[in-house]
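Undergrad: Attaching a single structure in structure tokens format; questions to follow.
In our numbering, the protein residues as written are 697 to 1379.
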């Protein structure tokens, strides 16, 4: 055998075995003692994190999200502190400086700056139980990234992680598959993730993990098992109706197929044709993404047809918000502040989707742009570009990874990004995104030094680590979990006195989600007072009203531009005025503030109209109600409010005139005003 033939044979053999040996050290000293104990904490903690999608408990506020986020942070803290102790004492566990780490650090710094410079740092840092995607969880995710990208140093360890992940994915898929044959497990939400879009995003990762494992696995029985789990995840995405994830998955699989035909088949003609097809496919996808943002394009029109016109209107509002704060944005979790400022009154109508509140743009590019500014978008996109180039370099230039590793983990982030153009991340999907960033960072990391302990383990260092861990675990996991539980306890109790105690305890336990919780308590109290004016002692009602008003005023003091809280103060003072007429002046004050914060939002005018009715200033009340109608004449509720105000003012002729004008706008409303007509005395 000639020298060239031997070299070719050796190269082929190396490529066949590369998936089993890539980035593994030939002579790795086995850990023992404390090192072994800590590395196992990292391993088991990482496995525990993979169970995040299954965490669900209906005794908590937003049971599909809050418990998952807190569980994820709890596991991430355990993993991080165990790794940090290892990294201090052993060089081989220290993170390698590479481009992925550098870009991730840049992105995190920008998120921190955006939080500090944004509209409200507290919102940005703590987030809320409905989302759990603020700066706090990003700090946990970054710590998780450092730990697992530095601790898992064999490709076989990563494969085991992917194996466990697809098994959990199969469990998550079962309820959706069973629902297709009439067996309902989750009556609320349909799955453990509570939303079809979130389910689709999570299972998209599982499909690609399974594809990678299928082609790397040698055992035919295990290949069959992997294939079954891949199909289960794929069918669940489709049956759940997660259109974005379905398209993203199909597009990613198509990309893998084109890459295979372009670079793995031997036929030269097939290669050339496939590479042309790959280029056309890439340009087509890029063009479709661009057209999605262009008003009037067939892509956007189709998107509106499949989803809702409210999404595009929301994007327009987000763009205006970005132009006001282009550098570092409004800060994570602060979209709810800018949304009313640029509110489009058309959102109330069916033609614009009838979705009136958004705390996200439902588009990852615009979400990142409006919350972290232009710098944040560049850093975020930089993560995807850096990962792609790292894989391309490892496969084509260094030839140290297999084709399936290259193609699958090139297609996966692209598919994930594409489907995120119409949805947004939650804890379960963010966890998997960090997992693939960590995996690719591991692939590009140079070999670690195999020296053993750098310095002796000092007991006092361990004590400090333990104390810091206990403090952070208590403040960022235990206390928020307590708040999460107390919110529900406050609602289910039948005693006003007990409810007030729970209100106080919930808000004192943790700042997490405090703004949303305050509004939630206020809404519940508003309804409770309205329904029990005649049955509950006046002093008891006033005590509860005073408490929620005090809490809402704390929000206004921190964030004067919070429209929803300002409006809620106006509404709750209108209710309070039934018990104390002197509260009408505050109802008017907060109503005017709300109107100034969002001049195009109808609800402020409705509230002011109600206030003026209580003041018996009927002419002004009619003017406010008419303004709400003028903002969007095709919204029925505004007409009903205007007619009701006219009847309260005993302007019966005007009320009839308003009804005729409303029916002229939409004849289908015939019959919608019958109840109001009952308040007009017969002539």
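A virtual CB, placed ideally from N, CA and C, is assigned to each residue, including glycine.
Nothing here was measured: the structure is a model prediction, and the numbers come from that model.
Where in the segment 1284-1361 do unbroken runs of the alpha helix (DSSP H), each at least 4 residues long, occur, reported from the N-terminal end onward?
TA: If we require 4 residues or more, the alpha helix (DSSP H) runs fully inside the segment 1284-1361 come out as 1298-1310, 1314-1327, 1332-1344, 1348-1361.
Undergrad: From 1034, 1078, 848, 1088, pick the residue whose C-alpha is nearest to that of residue 1067; which is it?
TA: The shortest C-alpha separation from residue 1067 is found at 1034.
Undergrad: Are the segment 756-765 and the segment 1178-1185 touching, with three or more C-beta to C-beta distances below 8 Å?
TA: yes
Undergrad: If I'm right that residue 817 touches residue 811 with Cβ under 8 Å, what's the distance once you round it to whole angstroms?
TA: Here residue 817 really is in contact with residue 811; their C-beta atoms are around 6 Å apart, less than 8 Å.
Undergrad: Would residue 861 and residue 956 be called neighbours here (beta carbons separated by less than 8 Å)?
TA: no
Undergrad: If we count the other Cβ atoms within 10 Å of its Cβ and call it buried at 16 or more, is residue 1094 buried or exposed?
TA: exposed
Undergrad: For the alpha helix (DSSP H) containing residue 1155, list its first residue and its last residue.
TA: 1155-1169
Undergrad: Could you give the DSSP three-state label for residue 899: helix, strand or coil?
TA: helix
Undergrad: Is the segment 1005-1019 in contact with the segment 1035-1053, if contact means three or more CB pairs nearer than 8 Å?
TA: yes
Undergrad: If you draw a straight line from the C-alpha of residue 1294 to the C-alpha of residue 807, how long is it?
TA: 27 Å
Undergrad: Which of the three DSSP states is assigned to residue 1021 in this structure?
TA: coil
Undergrad: Output yes or no for whether 8 Å exceeds the beta carbon distance between residue 1027 and residue 814.
TA: yes
Undergrad: Just to confirm my understanding: we take residue 979, look at its own chain, exclude 5 residues before and 5 after, and list those with CB closer than 7 Å. What are they?
TA: Closer than 7 Å at Cβ, skipping near neighbours: no residue.
Undergrad: Find out if the Cβ-Cβ distance for the pair residue 1055, residue 1070 is shorter than 8 Å.
TA: no
Undergrad: On a Cα-Cα basis, can you pick out the residue from 1354, 796, 1286, 1285 that is closest to residue 1319?
TA: 1354
Undergrad: At which residues does the alpha helix (DSSP H) containing residue 836 begin and terminate?
TA: 831-847
Undergrad: For residue 1332, tell me which candidate among 959, 1359, 1343 has the shortest Cα-Cα distance.
TA: 1359
Undergrad: Taking only the alpha-carbon atoms, compute the straight-line gap between residue 1214 and residue 1138 and give it to the nearest angstrom.
TA: C-alpha separation (whole angstroms): 44 Å.
Undergrad: Figure out for me which residue from 874, 1204, 1274, 1266 has the closest Cα to the Cα of residue 1230.
TA: 1274
Undergrad: Are the CB atoms of residue 869 and residue 929 within a distance shorter than 8 Å?
TA: Closer than 8 Å, so yes.
Undergrad: Leaving aside the five residues before and after residue 981 along the sequence, list all residues of the same chain whose C-beta is less than 6 Å from its C-beta, in chain order.
TA: none
Undergrad: Express the C-alpha separation of residue 1269 and residue 1323 in angstroms, rounding to a whole number.
TA: About 22 Å.
Undergrad: According to DSSP, is residue 1058 helix, strand or coil?
TA: If DSSP states are grouped into helix, strand and coil, residue 1058 belongs with coil.
Undergrad: Just verifying my parser: in three-state terms, what is the DSSP assignment at residue 1260?
TA: The answer is helix: DSSP assigns residue 1260 an H, G or I state.
Undergrad: Leaving out the 5 sequence neighbours to the left and right, which residues in its chain are closer than 6 Å to residue 1175 when beta-carbon positions are compared?
TA: 1205, 1206
Undergrad: Rounded to the nearest angstrom, what separates residue 730 and residue 1132 at their Cα positions?
TA: Roughly 28 Å separates the two Cα atoms.
Undergrad: What residue from 912, 1126, 1369 has the CA that sits closest to residue 1352's CA?
TA: The option with the nearest alpha carbon to residue 1352 is 1369.
Undergrad: Considering only the beta carbon of each residue, do residue 1108 and residue 901 sit closer than 8 Å?
TA: yes
Undergrad: Can you give me the Cβ contacts of residue 969 inside the same chain, cut-off strictly under 7 Å, excluding the 5 residues immediately before and after it?
TA: The beta carbon of residue 969 sits closer than 7 Å to no other beta carbon from its chain once the five residues preceding and following it are set aside.
Undergrad: Return yes when the Cβ of residue 1016 is within less than 8 Å of the Cβ of residue 999, no when it is not.
TA: no
Undergrad: My assumption, with CB atoms under 8 Å, is that residue 1136 sits in contact with residue 796. Please give the rounded CB distance.
TA: 6 Å
Undergrad: From 750, 762, 786, pick the residue whose C-alpha is nearest to that of residue 1184; which is it?
TA: 762
Undergrad: Between the Cα of residue 910 and the Cα atoms of 856, 1072, 803, which residue gives the shortest distance?
TA: 856
Undergrad: Does the Cβ-Cβ distance between residue 941 and residue 890 come in under 8 Å?
TA: no
Undergrad: Does residue 761 come out as helix, strand or coil in the three-state DSSP assignment?
TA: coil
Undergrad: DSSP three-state label for residue 949, please.
TA: Three-state result, residue 949: helix.
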